[in-house]
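Protein chains in written order, with our numbering: chain A, 142 to 480; chain B, 142 to 480. Take a look at the structure set out below.
Protein chains: 2
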Amino acid sequence: MAKAPKMTDIAKAAGVSPMTVSRAFKSDASVGKKTREKILKIAEELGYVFDSTASNLRSQKSGFVAVTIPSLNNANFADTIRGLTEAMRDKGLQVLLGYTDYSIENEERLIEQLLRRRPEAIVVTGGRHTERGKRLLENAGIPVVETWDLPEDPVGHTVGFSNADAMGQMVEHLHAAGARSLAFIGGDDNGDTRGADRRRGFVDKARALKLEYRLVSLGKPPVSMREGALAMAEILASDPRPDAVLCVSDLAAFGALTECQRRGISVPDDIMLAGFGAFDLSEITVPSLTTVDAHAYDIGEKTGALLADRLRGELSDDASPEIVRISPTLKVSRSTAKR
Amino acid sequence: MAKAPKMTDIAKAAGVSPMTVSRAFKSDASVGKKTREKILKIAEELGYVFDSTASNLRSQKSGFVAVTIPSLNNANFADTIRGLTEAMRDKGLQVLLGYTDYSIENEERLIEQLLRRRPEAIVVTGGRHTERGKRLLENAGIPVVETWDLPEDPVGHTVGFSNADAMGQMVEHLHAAGARSLAFIGGDDNGDTRGADRRRGFVDKARALKLEYRLVSLGKPPVSMREGALAMAEILASDPRPDAVLCVSDLAAFGALTECQRRGISVPDDIMLAGFGAFDLSEITVPSLTTVDAHAYDIGEKTGALLADRLRGELSDDASPEIVRISPTLKVSRSTAKR
DNA sequence: ATAGTTACGGTTACCGATACCAATACCTGA
DNA sequence: TCAGGTATTGGTATCGGTAACCGTAACTAT
Chain A
142 MAKAPKMTDI
152 AKAAGVSPMT
162 VSRAFKSDAS
172 VGKKTREKIL
182 KIAEELGYVF
192 DSTASNLRSQ
202 KSGFVAVTIP
212 SLNNANFADT
222 IRGLTEAMRD
232 KGLQVLLGYT
242 DYSIENEERL
252 IEQLLRRRPE
262 AIVVTGGRHT
272 ERGKRLLENA
282 GIPVVETWDL
292 PEDPVGHTVG
302 FSNADAMGQM
312 VEHLHAAGAR
322 SLAFIGGDDN
332 GDTRGADRRR
342 GFVDKARALK
352 LEYRLVSLGK
362 PPVSMREGAL
372 AMAEILASDP
382 RPDAVLCVSD
392 LAAFGALTEC
402 QRRGISVPDD
412 IMLAGFGAFD
422 LSEITVPSLT
432 TVDAHAYDIG
442 EKTGALLADR
452 LRGELSDDAS
462 PEIVRISPTL
472 KVSRSTAKR
Chain B
142 MAKAPKMTDI
152 AKAAGVSPMT
162 VSRAFKSDAS
172 VGKKTREKIL
182 KIAEELGYVF
192 DSTASNLRSQ
202 KSGFVAVTIP
212 SLNNANFADT
222 IRGLTEAMRD
232 KGLQVLLGYT
242 DYSIENEERL
252 IEQLLRRRPE
262 AIVVTGGRHT
272 ERGKRLLENA
282 GIPVVETWDL
292 PEDPVGHTVG
302 FSNADAMGQM
312 VEHLHAAGAR
322 SLAFIGGDDN
332 GDTRGADRRR
342 GFVDKARALK
352 LEYRLVSLGK
362 PPVSMREGAL
372 AMAEILASDP
382 RPDAVLCVSD
392 LAAFGALTEC
402 QRRGISVPDD
412 IMLAGFGAFD
422 LSEITVPSLT
432 TVDAHAYDIG
442 EKTGALLADR
452 LRGELSDDAS
462 PEIVRISPTL
472 KVSRSTAKR
């Protein structure tokens, strides 16, 4: 096979200048309709594939939006990515994704690696970064969006919510449902700042309401189903048993629920149980789980819309940074039904 | 803020030629150790970030490996991506990810879009493509890997397994466990070729073993928890009831399991239940689910290793295409325990 | 001391599309 | 028919690195 044709080859074959071919491949450029069709037809016949590396260099536009998430393996973040992708797709913006495994040191490396690709904007999950990571973001010269959080000192734009407040709401709900002693299942502090914020929200509200509470922390984030089960085993062995157990995520809550099933403990009659994140399984479990819907898809979509406006729309990014507050929804369900 | 420094700025500041700076940023190039350190230090001070768009164009190496998966929101594919990413990370290869939503028409568009970025290789999930999609892959001039399948007529390399055979194994297991009539829960045919293959394997083996069987198909792929529950409701309403229900994935199986719980039907005593994919929840449910572990992470890791060898190692890609067979493991668990 | 070898840094010409500027074709109305 | 305008097309320099090649210094062996 000969080597891949380039624009000049198409131009020659079509009897036009390379410049005209270039324009034919841009949707908004002014080229005669017939000319464009002819060029695209010839390009298809010759198997030409547009080379965006060259385009990127000359136009100083990569069409990339870099995104870091803690983990691929999490339906919440996956939903955010979907929302983001879909909000930007028809503006010719493409997501360049990397994951940090819940480590801000990894995040720092990842940010640097991603910036080398010259993204037009960068979206990060969470508002805590290494010092150098933050500096990289600040100096990148492109719009920055922090998501899934409301940082005290944001780098740029923000699309998120207070994890602490959301968990506080959950505590209030359980209080109203009659619980007077609570337990919280979460991971160690390191890494998952959203998890840590949720725990803080739990503690603060439990104190404010003068509820008894205890914390069960197990392992590194992400706290998963197995850890949830282990933590619940520990809680069920304790005396007195708390009235309700709150979990850092639905996955942990589901693990906890199965442990109850294994021991013949009834949820919510013997103990109430709540999760966080509105994962699919929360609606399906028996009983279904009370949880917090953080509107993960919306976070992505709103972030995408914000960036599309600034990169391809009217707005310039010189203006003041925007803060888009997402209001998590408390989804009350069977697992915390009042006795 | 002044505009971003480039290599020549670093060169000037360090008193060396741009070429030396360029080499200092490549790990294997020959530059004096002290020179390199000085250059990197100055670069850091000036806030220089390497521009790979320019590098890509001149060196004709993007460092990208393009990957298409049906859905982000699936732990199996996420595991494959993790394996792939990790196998290639230290070779300087980065995953450029896109999802198809289980549509080969979307896949075609996505392939074209990804090829514009000049990836050094492309990895696709599944062995069925549109005609044009296949042609794009064939003419891309880069290594192609099809995964999660064993196509009859592969485009390039293959890292996968036979979904039909794996499901056949499951039928054999249930036969051995005493089941004589079976049901299969899956989606419609369109799109999810792996799902369709699993169903085919189910039917073929059930016939070979002279078992009674029926198929329950619900909705577009991916078949999820809710559909699993609906399908199980339909099955439980039928008379006579099958001895065992096999599902296209663990998620559907979990939905089915919860429906049994809701109705007070015991698994496996009243009906046996099996899933596919070895998702985390299969180990945690009560009872735990018999499933097939397709070794999703391995698929990614082996694909990554194969590509790293060809792109950064000894092997050239001129040689014959490789077929890496993955052997799925049947994980027998409580949900199909013999009565 | 000299040739031969290695290690390092420098010079130049690109990679392939597009910004920028200019030119030409085409159309409208007087 | 022609001026004046719009729509479409063309020529050229250039984006920021690096391949390919070259020159020189340092070191080794004889």
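Note that CB positions come from ideal geometry on N, CA and C, so glycine has one too. Remember, it's a predicted structure, so these values are computed and weren't measured experimentally.
Secondary structure at residue i, three-state DSSP: helix, strand or coil?
i                : result
Ser303 (chain A) : coil
Lys153 (chain A) : helix
Gln235 (chain A) : strand
Arg355 (chain A) : strand
Phe166 (chain B) : coil
Ala145 (chain B) : coil
Ile412 (chain A) : coil
Glu293 (chain A) : coil
Lys479 (chain A) : coil
Ser322 (chain A) : strand
Ile464 (chain B) : strand
Thr161 (chain B) : helix
His270 (chain A) : coil
Gly360 (chain A) : coil
Gly405 (chain A) : coil
Gly327 (chain B) : strand
Does any residue of chain A bring its CB to less than 9 Å from the CB of residue i?
i                : result
Thr226 (chain B) : yes
Ile222 (chain B) : yes
Glu424 (chain B) : yes
Met366 (chain B) : yes
Val427 (chain B) : yes
Val386 (chain B) : no
Asn214 (chain B) : yes
Gly336 (chain B) : no
Arg475 (chain B) : no
Glu442 (chain B) : no
Asn304 (chain B) : no
Asp237 (chain B) : Note that residue 237 (chain B) is Leu in the sequence shown here, rather than Asp. By this cut-off, Leu237 (chain B) is an interface position.
Arg276 (chain B) : yes
If we define contact as Cβ-Cβ less than 9 Å, is residue i a contact residue for chain B?
i                : result
Ala262 (chain A) : no
Met373 (chain A) : no
Lys144 (chain A) : yes
Tyr240 (chain A) : yes
Asp192 (chain A) : yes
Phe395 (chain A) : yes
Ala219 (chain A) : yes
Asp391 (chain A) : no
Gly188 (chain A) : yes
So the alpha helix (DSSP H) residue i belongs to, where does it begin and stop?
i                : result
Phe218 (chain A) : 216-229
Ala368 (chain B) : According to the sequence as given, residue 368 (chain B) is Glu; it is not Ala. Where Glu368 (chain B) is concerned, the enclosing alpha helix (DSSP H) stretches over 366-378.
Leu448 (chain A) : 437-453
Glu185 (chain A) : 174-187
Ile245 (chain A) : 245-256
Leu456 (chain B) : Looking at the DSSP string, Leu456 (chain B) is not in any alpha helix (DSSP H), and its letter there is neither H nor E.
Ser423 (chain B) : 422-425
Along the beta strand (DSSP E) that carries residue i, what are the first and last residues, could you check?
i                : result
Gly336 (chain B) : No beta strand (DSSP E) holds Gly336 (chain B); the alpha helix (DSSP H) holding it covers 334-349.
Glu287 (chain B) : 285-288
Leu387 (chain B) : 385-388
Asp434 (chain A) : 432-434
Leu471 (chain B) : 470-472
Ile263 (chain B) : 262-266
_Touch test, the segment 269-281 of chain B against the segment 241-255 of chain B, Cβ-Cβ under 8 Å, three pairs minimum_ = yes
*Between the segment 208-225 of chain B and the segment 237-251 of chain B, do at least 3 Cβ pairs fall closer than 8 Å?*
yes
*Does the segment 181-197 of chain B come within contact of the segment 154-172 of chain B, defined as at least 3 CB pairs closer than 8 Å?*
yes
*Kindly provide the ranges of any alpha helix (DSSP H) runs that are 4 or more residues long and lie completely inside the segment 190-216 of chain B, ordered along the chain.*
193-200
*Counting Cβ pairs closer than 8 Å, one from the segment 410-417 of chain B and one from the segment 426-437 of chain B, do we hit at least three?*
yes
*Flag this pair as touching only if the segment 339-352 of chain B and the segment 283-290 of chain B have three or more C-beta atom pairs under 8 Å; answer yes or no.*
no
*For the 8 Å Cβ check, are there 3 or more pairs between the segment 368-385 of chain A and the segment 338-350 of chain A?*
no
*Between the segment 363-382 of chain A and the segment 297-308 of chain A, do three or more beta carbon pairs fall short of 8 Å?*
no
*Is there contact between the segment 227-236 of chain B and the segment 436-452 of chain B, where contact requires at least three CB pairs shorter than 8 Å?*
yes
*At least 3 beta-carbon pairs within less than 8 Å: the segment 337-347 of chain B vs the segment 308-324 of chain B*: yes
_Touching by the beta-carbon criterion (3+ pairs, under 8 Å), the segment 358-366 of chain A and the segment 323-338 of chain A_ = yes
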